[in-house]
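Novice: When you number the sequence shown by numbering that gives the first Met the number 0, it's gap-free, plus one each residue, and the end is 201.
Beta carbons are placed, not taken as given, at the ideal position from N, Cα and C, and that holds for glycine.
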Amino acid sequence: MFNIQDPNYAKRTIKIFIFTTTIFLITLILAIIFSPSLETFKNMTNGQHGNISKTNGLIKVWQYILNNGFKVPFQMLILALIPIPFLYFLNLLSTTIITGIAFGFAISFDLNKGLTMVLSSVPHTIIEIFAMCFVISGLYKLNKTIIRKISNLFRKTKKQNFSFKLAFSNLLKIYFLIALPLYILAAFLETYLTDFIYNLFT
């Protein structure tokens, strides 16, 4: 599929998504149980996406794409180039945990409005996280290649090296052919569908 020379990238993506969903559900439940003050909740939700929420229409879509589709994956790539396993998971984990906390707090403060907020946010949230999982699936192989090359320098018995060029090529294909279109779709859904669903139920 898409001429990606890594037969396990899709399965790996699904496993990462299941792991992420588990973290999200645990965070959501804990946030509902241990709800903070209303002021803390407002400060946390206002901090998400910075000034993006103040914009509208296609400008808002573009800012979402710029932030989620370009800046975040680039940060993940930089972390993947460091020869430490799974460091590039940090962006996904922070996004998942913050989202779970925000949803949990919203439900805890006002059940009806909270559930409406969660329902309206679910479509773009799932697609955005799924896009991140695809990126991480590609970064996993790239990071593993770097670690293997470095660790072989200190081994008497060398393990088989992976091709950095192939891993990077697969990563680019996964990003441009799968992840980026998902990020773009999530940006449109977050800009237009989220408010539509929320207004429909309020």
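Around the C-beta of F195, are 16 or more other C-beta atoms found within 10 angstroms, so that it is buried, or is it exposed?
Specialist: Locating residue 195 in the sequence shown gives position 196, where the first residue counts as 1. Its Cβ having fewer than 16 others within 10 Å, F195 is exposed.
Novice: What residue from F129, T54, S120, N7 has the CA that sits closest to A105's CA?
Specialist: In the sequence shown, the residue the question calls residue 105 occupies position 106. Measuring from the Cα of A105, the nearest candidate turns out to be S120.
Novice: Along the chain, where does the alpha helix (DSSP H) that runs through P84 open and close?
Specialist: On the sequence shown, residue 84 is found 85 positions in, with the first residue counted as 1. No alpha helix (DSSP H) contains P84, which DSSP labels as neither H nor E.
Novice: Below 7 Å CB to CB, which residues in the same chain sit around I183 once its five sequence neighbours on both sides are set aside?
Specialist: Working through the sequence shown from its first residue, we reach residue 183 at position 184. Closer than 7 Å at the Cβ level, and outside the excluded window around I183, lie I64, G68.
Novice: Around the C-beta of Q62, are 16 or more other C-beta atoms found within 10 angstroms, so that it is buried, or is it exposed?
Specialist: In the sequence shown, the residue the question calls residue 62 occupies position 63. Flag for Q62 reads buried.
Novice: Taking the alpha carbon of I22 as the point to measure from, which residue in H123, N160, N151, I100 has its own alpha carbon closest?
Specialist: Numbered from its first residue, the sequence shown carries residue 22 at position 23. Put simply, of H123, N160, N151, I100 the residue whose alpha carbon is nearest the alpha carbon of I22 is I100.
Novice: To the nearest whole angstrom, what separates the beta carbons of R11 and Y191, a pair I think is in contact under 8 Å?
Specialist: For the purposes of this step, residue 11 is taken as the residue at position 12 of the sequence shown. For the purposes of this step, residue 191 is taken as the residue at position 192 of the sequence shown. Contact doesn't hold; Cβ gap of about 32 Å is too wide.
Novice: Following the continuous alpha helix (DSSP H) through Y10, name the residue where it begins and the one where it ends.
Specialist: Locating residue 10 in the sequence shown gives position 11, where the first residue counts as 1. Strictly speaking, residue 10 in this sequence is Lys, with Tyr absent from that position. Unbroken alpha helix (DSSP H) run through K10: 8-32.
Novice: From N66, T156, F129, T98, pick the residue whose C-alpha is nearest to that of I13; which is it?
Specialist: Here residue 13 refers to the residue found at position 14 of the sequence shown. Measuring C-alpha to C-alpha distances from I13 to each of N66, T156, F129, T98 identifies F129 as the nearest.
Novice: Is it right to say K172 is buried, meaning 16 or more other beta carbons lie within 10 angstroms of its own, or is it exposed?
Specialist: Here residue 172 corresponds to residue number 173 of the sequence shown, with the count starting at 1. Classification for K172: buried.
Novice: Does the Cβ-Cβ distance between P84 and I146 come in under 8 Å?
Specialist: Translated into the one-based positions of the sequence shown, residue 84 becomes position 85. Translated into the one-based positions of the sequence shown, residue 146 becomes position 147. Yes.
Novice: Compute the Euclidean distance between the alpha carbons of L165 and A79, then round it to the nearest angstrom.
Specialist: Indexing the sequence shown from 1 puts residue 165 at position 166. Indexing the sequence shown from 1 puts residue 79 at position 80. C-alpha separation (whole angstroms): 15 Å.
Novice: Going by DSSP in three states, R147 sits in which element: helix, strand or coil?
Specialist: On the sequence shown, position 148 is the one that residue 147 refers to. DSSP places R147 in helix when its eight states are reduced to three.
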